[in-house]
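Residue numbers 1 to 388, in my numbering, belong to the letters of the sequence shown in order.
Don't be surprised by glycine CBs; every beta carbon is placed ideally from N, CA and C.
Take a look at the structure below.
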Amino acid sequence: MTSPAERVATEFAETFGGKPEGRWWAPGRVNLIGEHTDYNDGFVLPLALEQGVAAAARPTGDPVLRVRSVQQEGTVDVALSDIAPGVVSGWSAYVSGVAWALREAGHEVPGLDVVVDGDIPSGAGLSSSAALECAVAVAWNELAGLGLSRHDLAAVTQRAENDVVGAPTGGMDQMASLFGRAGHLVFLDMRTLEAEEVPFDLAAAGLALVVVDTQAPHAHVDGEYAERRRSCERAAEILGVPALRDVTVDALDAALTRLGDGAEAGLLRKRVRHIVTENARVLAVVAALRAGDDLRTIGPTLTASHASMRDDFEITVPEVDTAVQAVLDAGAHGARMTGGGFGGCVLALVEADAVEAVVRAVEAAYAAAGFRAPSAFVAVAADGARRL
Ligand code: ADP
Ligand code: MG
1 MTSPAERVAT
11 EFAETFGGKP
21 EGRWWAPGRV
31 NLIGEHTDYN
41 DGFVLPLALE
51 QGVAAAARPT
61 GDPVLRVRSV
71 QQEGTVDVAL
81 SDIAPGVVSG
91 WSAYVSGVAW
101 ALREAGHEVP
111 GLDVVVDGDI
121 PSGAGLSSSA
131 ALECAVAVAW
141 NELAGLGLSR
151 HDLAAVTQRA
161 ENDVVGAPTG
171 GMDQMASLFG
181 RAGHLVFLDM
191 RTLEAEEVPF
201 DLAAAGLALV
211 VVDTQAPHAH
221 VDGEYAERRR
231 SCERAAEILG
241 VPALRDVTVD
251 ALDAALTRLG
261 DGAEAGLLRK
271 RVRHIVTENA
281 RVLAVVAALR
291 AGDDLRTIGP
301 TLTASHASMR
311 DDFEITVPEV
321 DTAVQAVLDA
331 GAHGARMTGG
341 GFGGCVLALV
351 EADAVEAVVR
361 AVEAAYAAAG
371 FRAPSAFVAV
381 AADGARRL
């Protein structure tokens, strides 16, 4: 089977005729730990995947975006000046949103003929959306000679997703796609936007990171995500801090007391406890990796993150909890849901020679529970967005 990077120029020729000016690539990501902490100004620890989105593009004389996706029907044709929040919709909004955000930031962008082709399951929590945005953003950046930094591109692509697509996501996905590095995790401080590469050599440790796509149907994801975000903002307001990042583990009990009693306060206490402890878990994992500890020792922290998402942040679903329990029972060192939640993927840190047994354990648990069969792959940390 050919890869998107290999196919995309041929697809371009079939769609628009002739050759593209170039091909660009941006990866999806899997987040090792740090969930829903990004929009709380906190810490995340993703890695960029080998899977992603390829874009073959050529600037045009007219200010029009023509975009085709190999994964979708038809070619979308939109004048750059017509792109605005609330006006464009569907998958092409991730692409046209980038043009809009670049223009909003004061950059001149040419019209573009572009074909995109990806190999990340979409909507599975592996950030196919950020890969799509970033592949197109690095193409436009180069074709228009804008010279934007990865930080600039992260801001532009996040704005595209927030304002034009209308998804209130934090900036982790785009930063992971832009800053990824082979063999490394990307440790991000989402307040300062500092990005640090942390070596993550699973193979040398005899380990593998298995990602299980639970195939759980997403329901009410956007509404639930927005609700979690609002709860965090409300709690920060009550606590008198700019963001929940500012509440440390040591100050957690006092903060929880301050939130008070009653149903609403009870909910906010749980949300706060997840964010505060999750930030501490990210820092603990980074400290262990920097110290060169055996990678197996981070397993329990991954599993604790899952319990926190399940019990306090309440963003897991039965398929996800079943997969985590199955891989732990099969001997995984640690496991957790990864991504925004309500379905999506589970990751498991396992001995390299136990990958098959762990995947089979999930399949058996799913068959017993009557769930749709899961799929799985071994995640490998790859480089971030670039020209091919
Ligand atoms: P995730 O980012 O976790 O995969 P999202 O819901 O954020 O899930 O983004 C998925 C959406 O991104 C898809 O519904 C589609 O609109 C768009 N998308 C992703 N990959 C592609 C692609 N290769 N071609 C066209 N649209 C895509
Ligand atoms: Mg996404």
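Check, Outcome
"Classification of Gly-170 by the beta-carbon crowding that lies within 10 angstroms, buried from 16 upward", "buried"
"Pairwise C-alpha distance: Ala-130 and Val-88", "17 Å"
"Span separating the alpha-carbon of Gly-331 from that of Asp-353", "11 Å"
"Glu-161, buried or exposed, once every other Cβ within 10 Å from all chains shown has been counted against 16", "buried"
"Identity of the residue in Gly-343, Thr-322, Pro-85 nearest Ala-369 by Cα", "Thr-322"
"Range of the contiguous beta strand (DSSP E) that encloses His-184", "184-189"
"Contact under 7 Å by Cβ, Arg-29 with Ala-176", "yes"
"Start-to-end residues for the alpha helix (DSSP H) that takes in Thr-15", "4-16"
"Reduced DSSP secondary structure (H/G/I, E/B, other) of Arg-271", "helix"
"Buried or exposed by the 16-neighbour rule on C-beta atoms within 10 Å, applied to Glu-278", "buried"
"Leu-188, buried or exposed, once every other Cβ within 10 Å from all chains shown has been counted against 16", "buried"
"Sequence-distant residues of the same chain with beta carbon closer than 7 Å to Pro-110, five excluded per side", "Pro-59, Thr-60, Leu-143, Ala-144"
"Sequence ranges, alpha helix (DSSP H) only - wholly within the stretch 291-324, length at least 4", "299-311"
"Beta-carbon spacing of Asp-38, Arg-181 below 7 Å", "no"
"CA nearest to the CA of Val-350, picked from Val-324, Ser-375, Ala-365, Trp-100", "Val-324"
"Closer than 6 Å: Gly-34 CB and nearest the ligand ADP heavy atom", "no"
"Buried/exposed call for Glu-11, threshold 16 Cβ in 10 Å", "buried"
"C-alpha distance - Phe-43 paired with Gln-51, whole-angstrom precision", "24 Å"
"Sheet register partners of Phe-179 (DSSP bridge)", "Phe-179 is not bridged to any residue."
"Any non-hydrogen atom of the ligand MG within 6 Å of Ser-305 CB", "no"
"First through last residue of the beta strand (DSSP E) which encompasses Arg-245", "No beta strand (DSSP E) holds Arg-245; DSSP gives it neither H nor E."
"Local Cβ density within 10 Å of Arg-336, reported as buried at 16 or more and exposed below that", "buried"
"Opening and closing residue of the alpha helix (DSSP H) in which Gly-97 lies", "93-104"
"Pair within 7 Å by beta-carbon distance, Asp-117 and Pro-4", "yes"
"With 16 other Cβ atoms within 10 Å as the buried cut-off, status of Ala-365", "buried"
"Val-115 beta carbon less than 7 Å from that of Val-8", "yes"
"Residue environment, Thr-214, which counts as buried when at least 16 other CB atoms sit within 10 Å", "buried"
"Ser-92 Cβ short of 6 Å to the ligand MG heavy atom set", "no"
"Neighbourhood of Gly-341 by C-beta, 6 Å cutoff - its chain only, sequence neighbours within 5 removed", "Ile-315"
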